[in-house]
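Residue numbers (our numbering): 413 to 589.
Ideal Cβ placement from N, Cα and C applies to all residues, glycine included.
Notes to accompany the following structure.
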């Protein structure tokens, strides 16, 4: 009847741990079964056995709570990662749509941008954010590529394009690498 008695405390701890227990894994059930068997086989008149079993159960429950907290944190992190990836994909799709909509472009360029360069942009956004130099450089490289395939009337415009091509090729190679 005393709340401080080791047997009462053991029952209270088992009950507290059982609240919300869904049976996932048999750790708690197996532990309680071992406790009952131990008490049935070892108990005489000495209440110290309850104190020993209580200490063991407290250690078990602390480890279980810590493991559950880690699992919950991993679940939260995974969900945040999925949400962040979805947001990044939407940003990349928006950037591609903005630049490709209404334009007639060679299929190989569109395919490279959609299949490959979009992954470069996605990684830049995920790793460093949309305000990062990597994201801005990725968009600038895409813009330069699209500008390079547009018609360039006049000798000066073609000469300027020829001067930009080596830098564009290097940026594409570096990004895809």
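Close CB contacts of residue 523 within its chain, under the 8 Å cut and outside five residues either way in sequence, are absent. Here DSSP, grouped into helix, strand and coil, assigns residue 469 to helix. Between residue 584 and residue 551, the CB-CB gap reaches or exceeds 8 Å.
Taking C-beta atoms under 8 Å as the contact rule, residue 493 and residue 529 fail to qualify, at a distance of about 23 Å.
For residue 431, the three-state secondary structure derived from DSSP is coil.
Contact annotation: residue 507 and residue 534 have beta-carbon atoms that are not nearer than 8 Å. A straight line joining the alpha-carbon of residue 480 with that of residue 543 spans about 36 Å.
If you draw a 10 Å sphere on the C-beta of residue 466, you find 16 or more other C-beta atoms in it, and that means buried. Look at the beta carbons and you see the region 454–468 touching the region 413–421: at least three pairs across the two are nearer than 8 Å.
In terms of CA proximity to residue 576, 553 leads the group 565, 589, 446, 553. Taking a cut-off of 8 Å on C-beta distances, the region 469–479 does not touch the region 507–520, as fewer than three cross pairs fall below it. Cβ neighbours of residue 439 within its own chain (closer than 7 Å, five residues either side excluded): 476.
Taken atom to atom, the span from the alpha-carbon of residue 443 to that of residue 488 is near 28 Å. When only Cα atoms are considered, residue 541 and residue 432 end up about 39 Å apart.
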